[in-house]
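Under this note's numbering, the first residue of the sequence shown is numbered 429, with each subsequent residue one higher.
From the three backbone atoms N, C-alpha and C, an ideal C-beta is built for every residue, glycine too.
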Amino acid sequence: MQSIWGIQLGWDEILPDSFMQQSTTYLQQLPSLEGLEIRRYVMQHNYITAELHGFSDASEQAYAAAVYVRTTSVEGVKCNLIAAKSKVAPLEKISLPRLELCGAILLAKLMVKVERALKRKFDAKICWTDSTIVRDWIHAAPQRWQTFIAIRVTKIQNHFDPNQWHHISGKINPADVASRGITAEILVRDKLWWHVPSFLLLEDYSAELSVPPTAVIIEAVHEARKIPVHHVKVNAAFMERYSSLKKLEKHTAVWKRFMEYLKLKRYNNLNMLKVTIDTEELQQALLLWVNTAQRLEYSAEIKALEVQEHVSAKSNILALNPFLDAKGLLRVGGRLCNAQLPFDRKHPLLLPAKGHLTTLIVRHIHQQQFHAGLQLTLYTVQQRFWIPRGKEFVQGEIRKCTRCFRFSQNQQNQLMGDLPAARLVPSIPFNKTGVDYGGPFTLGPMKIRSNKTYKATKKIYCSSWEAKSHFQ
Ligand SMILES: [Zn+2]
429 MQSIWGIQLG WDEILPDSFM QQSTTYLQQL PSLEGLEIRR YVMQHNYITA ELHGFSDASE
489 QAYAAAVYVR TTSVEGVKCN LIAAKSKVAP LEKISLPRLE LCGAILLAKL MVKVERALKR
549 KFDAKICWTD STIVRDWIHA APQRWQTFIA IRVTKIQNHF DPNQWHHISG KINPADVASR
609 GITAEILVRD KLWWHVPSFL LLEDYSAELS VPPTAVIIEA VHEARKIPVH HVKVNAAFME
669 RYSSLKKLEK HTAVWKRFME YLKLKRYNNL NMLKVTIDTE ELQQALLLWV NTAQRLEYSA
729 EIKALEVQEH VSAKSNILAL NPFLDAKGLL RVGGRLCNAQ LPFDRKHPLL LPAKGHLTTL
789 IVRHIHQQQF HAGLQLTLYT VQQRFWIPRG KEFVQGEIRK CTRCFRFSQN QQNQLMGDLP
849 AARLVPSIPF NKTGVDYGGP FTLGPMKIRS NKTYKATKKI YCSSWEAKSH FQ
């Protein structure tokens, strides 16, 4: 019928020969169905376990689902068809995996319907599909896929755990009969269609259950949602305009926030502009500039490491055993992998020995450490960054610091006057004496259980010639 609709015939026009022949064959086959017998009771009496098994399949013409009840009893295992449904593929051309997914969702709905109709709990509910792509789509998070897939996967996951979906070979998939089409004559005696693949009639069919996929196959990834990425070229000249690292970080963070805002503007997410810049954003801003500086200075090394090649033997950072971290930043490999130190300390970020960013960072740390000297500034820098010939660089920056220069100058002191003759000419002790008075001081009570206090003064006599003193 769909094909006839496709050629857009009028209601009173005669069918083309090919369609006429198909219709005639179909009508001729119909009497064969008279011999078809369908069991009314699909389960076994006194069954021990009852399971629901569903199969889905799709072809370019149609997609279909078939649901079977598998019961075990002392008499053995029996499987019978309980419900099936098929739909013609839409006129609009869609890929076969997507049609298979339509078959899977048809199956999921049919399984739920059958369970509700039978009003009983089944020991197991297993869905089978012969498409590994569909199985992988169902096993992954829906938001990973494009809208068409994501909507259907979500619906399937609402009713079934992904682990309930298994792969079956297309040759023994009973739903294949419904999706491809079959003549009535063959249908009547088709064992696969009426009684499922033979492995399900075994006591234990667990060997046929497929292991959940550990990685999504390449074909499934083709339908992954394409996340728009906005590339913004970072201009190193922008950095040169700043003489303070804090200002550079803050302005960059604001600029990055604004870029985010432009992306999300269509979602009316205006609240993000009201929130103050946090430490994380400042850190990200700094790393952005570190990355820029590294790519300016060590572009050849980074390119080699990106394609997992060795750094050139001529590179002056070869001895540092550099590597790229998860964010693409160049870090020092070093020999401290086994040390119990923070990651930044073990593998500091590599900073070029010449460059405005390195100057800003060293200057900032020097000021943060209250204009510390060479050793402390260098040590603090190396907690996070590694500068080749860092000692020279930090020394140079400290020399340029105006405040340090000012405070490093010697202070001018006044010359002291001549000592008096009494202190220089020998004489008997206390011949020439200096006296000093102090007080009054409050003394505690002299007697026990008395609250009377006394006032006292002190006198100190110092001999001018010898270093002797008398205290009263
Ligand atoms: Zn200083």
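Anticipated Cβ contact below 8 Å, residue i with residue j, distance rounded
i, j, result
"Val735", "Pro750", "Actually they are not in contact, since the Cβ atoms of Val735 and Pro750 sit about 14 Å apart, beyond 8 Å."
"Asn508", "Arg468", "The Cβ separation is near 10 Å, so there is no contact."
"Leu785", "Trp717", "5 Å"
"Phe483", "Ala490", "Contact doesn't hold; Cβ gap of about 14 Å is too wide."
"Leu480", "Val497", "6 Å"
"Leu806", "Gly824", "12 Å between Cβ atoms; not a contact."
"Thr452", "Thr477", "Not really, about 47 Å apart at Cβ, beyond 8 Å."
"Asp485", "Ala603", "4 Å"
"Val581", "Pro570", "4 Å"
"Phe813", "Leu777", "5 Å"
"Ser743", "Glu725", "Not a contact, Cβ separation roughly 11 Å."
"Met539", "Val470", "So it is not a contact: roughly 15 Å between Cβ atoms."
Three-way DSSP call (helix, strand, coil) for residue i in this model
i, result
"Trp893", "coil"
"Thr704", "coil"
"Phe666", "helix"
"Cys832", "helix"
"Ala569", "coil"
"Lys553", "strand"
"Ala545", "helix"
"Ala478", "strand"
"Trp439", "coil"
"Phe899", "strand"
"His594", "strand"
"Asp564", "helix"
"Ser671", "coil"
"Ile745", "coil"
"Lys521", "coil"
"Gly801", "coil"
"Lys537", "helix"
"Asp772", "helix"
"Met448", "helix"
"Tyr807", "helix"
"Pro459", "helix"
"Thr453", "helix"
"Tyr689", "helix"
"Ala635", "helix"
"Ala612", "helix"
"Ser559", "coil"
Bridge partner(s) assigned by DSSP for residue i
i, result
"Ala493", "Ser484 and Lys513"
"Cys530", "DSSP, once it has assigned bridges, lists no residue as partnering Cys530."
"Asn508", "Val497"
"Asp864", "Ile888"
"Arg759", "Phe751 and Leu777"
"Trp814", "Leu778"
"Thr870", "Lys883"
"Trp683", "In the DSSP output, where bridge partners are listed per residue, Trp683 has none listed."
"Trp717", "DSSP lists no partner for Trp717."
Any non-hydrogen atom of ligand 2 closer than 7 Å to residue i Cβ
i, result
"Phe627", "Among the ligands in the structure shown, ligand 2 does not appear; only ligand 1 can be found there."
Counting by C-beta, which residues lie closer than 5 Å to a heavy atom of ligand 1, in chain order?
With 5 Å as the limit, the residues whose C-beta approaches any heavy atom of ligand 1 more closely are His799, Cys829, Arg831 and Cys832, in sequence along the chain.
Is the region 613-624 touching the region 446-466, taking contact as three or more C-beta pairs under 8 Å?
Touching, yes.
Does the region 791-801 come into contact with the region 750-770, if we say contact requires no fewer than three beta-carbon pairs (one atom in each stretch) closer than 8 Å?
As far as the Cβ criterion goes, the region 791-801 does not touch the region 750-770, which means the pair count is below three.
Quick check: the region 843-861 against the region 886-900, are there 3 or more CB pairs under 8 Å?
The region 843-861 vs the region 886-900: in contact.
Give a yes or no on contact between the region 627-636 and the region 519-528, applying the rule of three or more CB pairs nearer than 8 Å.
Here the region 627-636 makes no contact with the region 519-528; the two share fewer than three CB pairs at distances below 8 Å.
Can at least three beta-carbon pairs, one atom from the region 555-566 and one from the region 589-605, be found at a separation below 8 Å?
With the rule of 3 Cβ pairs closer than 8 Å, the region 555-566 counts as touching the region 589-605.
When you compare the region 828-846 with the region 863-871, are there three or more beta-carbon pairs, one atom per stretch, that lie closer than 8 Å?
Short answer: they don't touch.
Three or more C-beta pairs closer than 8 Å, one from the region 669-687 and one from the region 719-737: is that the case here?
In short, these stretches do not touch, since the Cβ pair count stays below three.
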